[in-house]
Amino acid sequence: MKPEFIFIFETKTFVGFQHYCIVSSKGRGGGLWLAWQLHIDVEIIFQDDFMIVGLVNGAPPGVEWLFSGVYGNPRRFGGRVLWEMLEGIAGNYLGPWIYLGDFNVIACGNEKRGGKKIIGDSSYQLAEVQEKCNLIDLGFCGRRFTWTNGRQGLSNLFPRAMVFHLPAIQSDQCPILVDTKGDVKPKKKFFKFEAMWLRDSNCREVVKRAWDEHSIGGDVGRGLSGVRKSLIRWNIAEFGNIFNHMRRIWSEIDSLQQLDHSPHIAGMLQSLYLQLQELQRKEELFWMQRSRESWLRLGDQNTRYFHLTTTQHRRCSSIDGLKWADGSWTYDKNEIRNMFVEHFSNLFQTSSPTVALEILALLQPIVTTQDNEDLCRLPSNDEIESAIMQMSHFKAPGPDGLFALFFQKLWALVGDDIILWIHFLIPKVSHPISVNDFRPIGLCNVIYKFFVKLLANRQRPLLHKIISPWQAAFVPGKQIVDNVLVADEIIHFIKKKKGKNCVFAFKVDMSKAYDRIEWVFLTTILQKLGFNEKFVKLIHLCISTSSFSILVNEENSNKFYPQRGLRQGDPLCPYLVIMCMSALSLLLSKLVEHKKLSGIKIARGCPIVSHMMFADDLVIFGKNTVHELENVKKALQIFGCSSGQEVNYAKSGILISKNVHHHLRNMLVRFLKVKSISQRDKYLGAPLFIGINKNEVFSSVVKRVCDKLNGWRAHTLSVVGRVAFVNHMVTAIPTYLMSVLSLPITTCDDIEKVMHRFIWGASDSNNFYPTISWQKICLPKVASGLGVRRMKYFNDALLAKVGWRILIEQGSIWSYCDPKWHDCWVWKGICRSRHVLRAGCVRRVGNGHSISIWGDPWVPSQPKFKLQIPPTSVPDVICRVCDLLDSNRQWRLDLLHRFFYSISIRNILKVPISIRSSGDDGQLWLLERKGIFSFWKLKIYPRILLFLWKILHGRLSIVEWIWNFVNGSRGPNEEWMSDLILTTTVLWKIWDARNKCIFQGYLAQPMDVLQSVLFIWGMEFYTTTKICGCGNSTHL
């Protein structure tokens, strides 16, 4: 490749370019060169010892962009001047900008290997510059050295730009090649159904004609093929390219606006405006479909955001280079594709295993005859339609290019034939004896997913019977936090363990668990569990009649046929995986039963915990004896030889209690060939160790939030879009950790600061003056806020939910733990959230045996839900609620009148009693929601709602905001803002009606204008009197 630009630093060599800029070296250090080709025009606007900045024209023609070549000062504090200069450029130049070079700092610890430890805050300074300048990684092959700002101009200017790390030859530094053209080889376009087609009424007619013509005899495959071909022809002949249509309409509008005004011209303009508006909606839907963003809704003009998201997705999905086993790199597209084909074809080759007798002996029939009948019965029409409607609209389609949205929106046209096809898949014969009794299922298209989704919905209710109680994945009623809670408590127990008994925790990592499942093992498991032959053969056909084709850089490879493995993304496969893993659970339970594995018992009354599973994630507990570890390793080998699974010992680890001699600890680690679990290791995404410096432990959460916000520039979204992004995407990042751990207040505050700046589009934290306080933004929408969650309160609520589950799920394994206040961080966090439960948790009266009359909260109408102790002494025999009930489960009024106050008696009589005489006492959560009017429920676009919200908070006018900021007061008149709003409302509505009449030919009725004004006035009056608490408002 012949470069057009070359930037070299620390060089003494002349470059063979005719146009260049030189910054001379000082002694042995420094020296910068920037050289470019003749056909490119570069204007050098700044240069010093560490940076050259040039304005580029002619690459591509007619476009101007900024280039910066950087060489960071290697001194410890020398980079601060460079950071300030970069921030100054970002603030003064708003066009496309790319800069590269050597900053002489690292962004994170994994970018450095060996040598001295990095001291100072240079990494944090680089991250801060990224945030302030809105930087985004350009993409790379090799290590990450080059950064570019995330402005839409650069992404559109160089959509295929990539960075290559070239070999270092006769130098101690590797050249970095920025390829702005990328792979320009034309690729074959695959058919994909466009959601914007549904906005055209002719689309349904095209689908109906093609379906009726080709789906003769219920041939769904032929019908879908005919629909695809018809849609392609219709798109080319009639629907057309929306971008060409928009350019044509813009040109026509421009031409008409230059003519003299007339009613005829106004009518033509009105028609063109409506056409343009419809095309803009189609464009927004076009880019939303490609962005695969489901959290952001249409109608708020976020086309730029969808477009930029799509561009970044394409760059991330592009594979421009791979490393061979010998360490060399290849950038040839054919070699890259062949590497993938060879790898996966070998991975899916069967090992022809034989299921071990040890496993067969442990499996017992659990599925009943009635269960099998329910699994294999013909589905009803409603059941099939329900399974289809449960699927996401824009999930990745199969080779046919049809999304679930196609079937959901056009179900009235194709639904009947789809139902017949699914009925035909389930054989009508009671005992099929050959494959001919089944219809083969081809590639994993969306229509195939409908069928397996139906099977998965039927199989889900049986999981609690056939899955090990130690398995928490995909089982109704169990959650991932269950395993994290138990694991954290046991790890804490191991760390604090003293005495003679030594214990261990063995974290097992299964390599490619889905891809290595042997089909013969799976079918054997299903048969032994009691599934009938009809269902087993149906499952076998679903997983075996498939073919794979590797899609690399939008090009398909040749097909190959797997001999084992399950497809990730198949709705049925997660259930099949945990069924296979249940065989390993039975093997480990057998070891405990025969005293070959001790497990761990952390408290009295707590069951022995020998292992825990979440899908293929496994942790085994036992005593530190070579004998027990040998038994565990043998069980893993038996399971692996039968199922095809392999333990990745390189990623597995073991934690051994401190009361073990270091020689024995080292011997056990060498025996298993694993690493020791370190302070940074995690289990299911949660840290296993939390030391004194908790802010450092949770700093990764703040970094993930910053990366998420930096990755999506604030200026590409409207304010409403940024609020939705924070509520749906950013808040979800710490939610999982906050469900099990109490985050430090400092961490919560740091997250909220980043969110606050992002909502208002601020990039510089030092010059940030929000017009509305963060406290008002975080108020609920019914209280005139934006509903953004406060992190600390959200954390307390999630932990209170765990506490609630401890109260009501007495049979859960983790509810038997007996932690103390000084125990693990998890339990401390739950205890800190007790005030949330106390605010609304009362005891539900069943039989009354476990509820104390005076000690427990069980009367909702009483203060703190507890009864006052009466002055009259109460006999000790009357201490439980059951003592106040007679044999007919009615209140004993004689005892109530004898020992309680009259008001307490009335409140007790309001307490509901369980209708079941043997019903146990439980817990009740009192949450009463009053019907408070909120303008957020109005059927108006969010953009308009935000406008009204700013009005209600008095922050619409920038003039008044500046007055408040300078003078520290509301302004010269308390009613100044309200009067200004009402006056400008009238003027704006009249002006808007005038413009529509002149430019669009639309004559608004005077009463319509008046009603719209009165609506805004009514909102102001209601808010002033109801929300703001001003009872004597005279604005109307």
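Per the numbering used here: the sequence shown = residues 13 to 1048. Glycine included, every Cβ here is placed at the ideal spot set by N, Cα and C.
Short check: CB of Leu281 to CB of Ile265, under 8 Å? Cβ atoms of Leu281 and Ile265: closer than 8 Å.
Of the choices Tyr748, Leu908, Ser916, whose alpha-carbon is the least far from that of Asn495? Tyr748
So, for Phe17: in the same chain, excluding its five sequence neighbours on each side, which residues have a beta-carbon less than 6 Å away from its beta-carbon? Trp48
Under three-state DSSP, which class holds Ser690? coil
Starting from the C-beta of Leu369, find all residues in its chain whose C-beta is less than 6 Å away, skip the five residues before and the five after it, and write them out in chain order. none
Please state whether DSSP places Met522 in a helix, a strand or coil. strand
For Glu940, three-class secondary structure by DSSP: The pLDDT assigned to Glu940 is 47, lower than 50, so where the model puts this residue is not dependable; a value taken from the coordinates is nonetheless given after this. Glu940 falls in the coil class under three-state DSSP.
Applying the 10 Å Cβ sphere with the 16-neighbour rule, what's the burial state of Asn544? buried
When DSSP builds the beta bridges, which residues end up paired with Asn568? Leu563
Check the DSSP bridge columns for Ser80 and list the partner residues they point to. Val65, Tyr111
DSSP beta-bridge partners for Glu658? Ser523
From the DSSP secondary-structure annotation, give me the bridge partner or partners of His699. Correcting the residue type first, residue 699 is Pro in the shown sequence and not His. Pro699 is bridged by DSSP to Lys694.
Gly665 versus Leu648 - alpha carbon distance: 15 Å
Note down the Cα distance separating Trp839 from Trp433, rounded to an integer number of angstroms. 53 Å
For Asn256, count neighbouring C-beta atoms within 10 Å of its own C-beta (all shown protein chains included) and say buried if the count is 16 or more, exposed if not. exposed
Buried or exposed: Val638, going by 16 or more other Cβ atoms within 10 Å of its Cβ? exposed
Helix, strand or coil for Asp412 per DSSP? coil
Helix, strand or coil at Ile771 according to DSSP, with G and I counted as helix: helix
Asp762 by DSSP, collapsed to three states: which one? Reduced to three states, the DSSP call for Asp762 is helix.
Three-pair Cβ contact test at 8 Å for the segment 666-675 versus the segment 380-400: no
Would you give the residue range spanned by the alpha helix (DSSP H) that Ile502 belongs to? 492-508
Val742 in three-state terms, based on DSSP: helix
Alpha carbon of Arg817 to alpha carbon of Arg855, nearest angstrom: 14 Å
Would you say the segment 708-718 touches the segment 503-517, given that touching needs at least three Cβ pairs under 8 Å? no
I'd like to know if the segment 696-711 and the segment 753-760 are in contact, where contact means that at least 3 CB-CB pairs between them fall below 8 Å. yes
Per DSSP, Ile34 is paired with what? Trp45
Cutoff 7 Å; reference Asp383; Cβ partners in own chain excluding five residues on either side: Excluding residues up to 5 positions away in sequence, Leu474 lie with their Cβ nearer than 7 Å to the Cβ of Asp383 in the same chain.
Helix, strand or coil, according to DSSP, for Gln935 in the structure here? strand
Close Cβ partners of Leu291 (< 8 Å) along its chain, the five nearest in sequence each way excluded: Ile254, His257, Met258, Ile261
For a test of the three-state rule: what should DSSP assign to Leu578, helix, strand or coil? coil
Pick from Leu908, Val644, Val239, Val871: whose alpha carbon is nearest that of Val218? Val239
Can you find the residues in the same chain that come closer than 6 Å, C-beta to C-beta, to Ser916, ignoring five residues on each side of it along the sequence? Leu879
Residue from Gly339, Asp338, Ala337, Gly333 with nearest C-alpha to Asn346: Ranking the options by Cα distance to Asn346, first place goes to Gly333.
The alpha helix (DSSP H) with Phe360 in it runs from where to where? Looking at the DSSP string, Phe360 is not in any alpha helix (DSSP H), and its letter there is neither H nor E.
Endpoints, the beta strand (DSSP E) within which Arg389 is located: That residue, Arg389, is in no beta strand (DSSP E); it is neither H nor E in DSSP.
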